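Protein chains: 2
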Amino acid sequence: MMCQLFPYAEAVTRWLEPEQQRAWRAYVRMQGELNAHLSRQMSVDSDISMADFAVLVQLTDTRDERVRVLELARSLHWEKSRISHHVARMEKRGLVRRENCSSDGRGSFVVLTDQGRSAIEEAAPAHAETVHKLVFDLLTEAEVEALGSISEKIFTRLTTGECAAVVARCDADDPMEVVSQEGGCPEA
Amino acid sequence: MMCQLFPYAEAVTRWLEPEQQRAWRAYVRMQGELNAHLSRQMSVDSDISMADFAVLVQLTDTRDERVRVLELARSLHWEKSRISHHVARMEKRGLVRRENCSSDGRGSFVVLTDQGRSAIEEAAPAHAETVHKLVFDLLTEAEVEALGSISEKIFTRLTTGECAAVVARCDADDPMEVVSQEGGCPEA
DNA sequence: TGAACCTGGATGATGTGTCAACTATTCCCG
DNA sequence: CGGGAATAGTTGACACATCATCCAGGTTCA
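Protein sequences, first through last, are from chains A and B. Each step along the first sequence adds one to the number in numbering that gives the first Met the number 0, with nothing skipped, and position 171 is 170. Each step along the second sequence adds one to the number in numbering that gives the first Met the number 0, with nothing skipped, and position 170 is 169.
Written out as structure tokens, the structure reads:
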């Protein structure tokens, strides 16, 4: 219908084919709803947000439980100012603590506190269960595989070449390397 | 790895299987990155946000180009206060206008302005092109089909039964009906 | 009629994400 | 060594989402 509404758009415009449109609309709504649901679940039955959780996962993922701010930014694909603000708020709530880096006067570490550790330990099982209920209990093995490879394709497209350049987020030293940080701890 | 880190979580916890984990991590990152990229693209080369765009699409989708606030909320699956705030901001920028509803003294309409119409007309082609470049150019027909059906499964799960009840967002009169609003105009 | 209740919507506080400066350190190279 | 560039991180302003609360206009029913 939009296509009828915008007949004057340059003739070169590639609108979506019907099946593409169906898939896209479904994806957009699903993704919005799923995010909302996961966030709400997390902050209702644990007392942290998905963002907190993501940060805490990165920290528990490191022996030593301390990570440099920019490394956090790179592995989460967040901008540095986002990390900075978020860590500040988490620090205020006692989930993490900042420490100066002795080897580099500019840098600082984000360190997991006991309270942070118990927060994520409490949150993780419920979150994993939610992901099961909302996603994996519904999908066949083939669909899981498809979801993974579709996501990887798109992600790779987004983080290589022009797209990555446009973003200029907190530039992974090697733009290709961002996808290789697998094998760590799950988000769920 | 998290599984090792939380061995004390109740034994009943269902962690994710390796393939599930891979798919889940890939999905989460892709989705975050894709959202960020679409938003940035939209606000760089048009002067509106994805949220603005979504609202404008709903408006152009209606002959008469006016929609009741709550109807907007229902079709976008947003909370009413989100709509209210967002419409207020859009009004301030001249993209829409509010009008009182004569038949129901409480209600009000959101009306598309000329400026709003030209904003979406300008934004839509570029957005569609971006979606092509970032998504559909990469996927086979089978993958498009898979993406659609996976998304629909999850979306349905999220909007029926207990999940929908938990949310109690702006209750579609018939909880089943929310998925039936197909056939309208694409988001892209 | 009027009291209890429901509905459509607005509002303010708070937490969060983004962008554009800004500071302080370190690096590089003459 | 010294000065410019790069790097690590912070800060403030603003847009946005959520929550709880409020309020005015309808509905129901005695």
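Glycine residues also receive a C-beta, built at the ideal position from the N, C-alpha and C atoms. Predicted, not measured: the structure shown is a model, and the values here were computed from it.
Residues in the same chain with beta-carbon distance under 7 Å from residue i, minus the five sequence neighbours each way, listed in chain order, please.
i, result
"A/Ser102", "none"
"A/Ala122", "Met41, Ser45, Ile47 and Phe52"
"B/Met49", "Leu37, Ser38 and Met41"
"B/Gln114", "Gly93 and Leu94"
"A/Glu64", "Leu58, Val110 and Leu111"
"B/Leu15", "Trp23"
"A/Ala193", "One cannot answer for residue 193 of chain A here, as it falls past the ends of chain A, which runs 0 to 187."
"A/Arg62", "none"
For residue i, does the count of other Cβ atoms within 10 angstroms reach 16, so buried, or fall short, so exposed?
i, result
"B/Glu98", "exposed"
"A/Ala25", "buried"
"A/Glu32", "buried"
"B/His84", "exposed"
"B/Ala141", "exposed"
"B/Val11", "exposed"
"A/Val43", "exposed"
"A/Ala145", "buried"
"B/Gly212", "There is simply no residue 212 of chain B to check, as chain B begins at 0 and stops at 187 in what is shown."
"A/Gly160", "exposed"
I need the DSSP call for residue i, collapsed to helix, strand or coil.
i, result
"B/Ser102", "coil"
"B/Val68", "helix"
"A/Leu133", "helix"
"B/Ser150", "helix"
"A/Arg39", "helix"
"B/Met107", "Here residue 107 of chain B is Ser; the residue named in the question, Met, does not match the sequence. Looking at B/Ser107 - three-state DSSP - the assignment turns out to be strand."
"A/Gly183", "Because the pLDDT of A/Gly183 is 36, which lies under 50, any placement of that residue in the model is unreliable, and the number read from its coordinates should be weighed accordingly. A/Gly183: coil per DSSP, three-state reduction."
"B/Arg88", "helix"
"B/Val95", "strand"
"A/Val11", "coil"
"B/Arg156", "helix"
"A/Ile82", "helix"
"B/Arg62", "coil"
"B/Leu144", "The question names Leu, but residue 144 of chain B in the sequence shown is Glu. Reduced to three states, the DSSP call for B/Glu144 is helix."
"B/Trp23", "helix"
"A/Glu18", "helix"
"A/His126", "helix"
Under 8 Å by Cβ, that's how I've got residue i and residue j pegged, so tell me the actual separation to the nearest angstrom.
i, j, result
"A/Arg21", "B/His76", "Not quite, the Cβ-Cβ distance comes to about 17 Å (not below 8 Å), so this is no contact."
"A/Ile153", "B/Val134", "6 Å"
"A/Ala125", "B/Arg13", "Not quite, the Cβ-Cβ distance comes to about 11 Å (not below 8 Å), so this is no contact."
"B/Val56", "B/Ile119", "7 Å"
"B/Glu90", "A/Val143", "The Cβ separation is near 44 Å, so there is no contact."
Please go through the same chain and pick out, in chain order, the residues whose beta-carbon is closer than 6 Å to the beta-carbon of residue i, but skip the five residues on each side of it.
i, result
"A/Gly106", "Arg67 and Cys100"
"A/Arg116", "none"
Spatial neighbours of residue i within its chain, please: CB distance less than 8 Å, with the 5 preceding and 5 following residues excluded, ordered by chain position.
i, result
"A/Phe108", "Arg65, Val66, Arg67, Val68, Arg97, Glu98, Asn99 and Cys100"
"B/Leu138", "Leu146"
"B/Met0", "Because the pLDDT of B/Met0 is 46, which lies under 50, any placement of that residue in the model is unreliable, and the question is left without a value."
Is residue i a contact residue of the ligand GDP, with contact defined as CB to any heavy atom under 8 Å?
i, result
"B/Arg13", "As for the ligand GDP, it is missing from this structure, which has no ligand bound."
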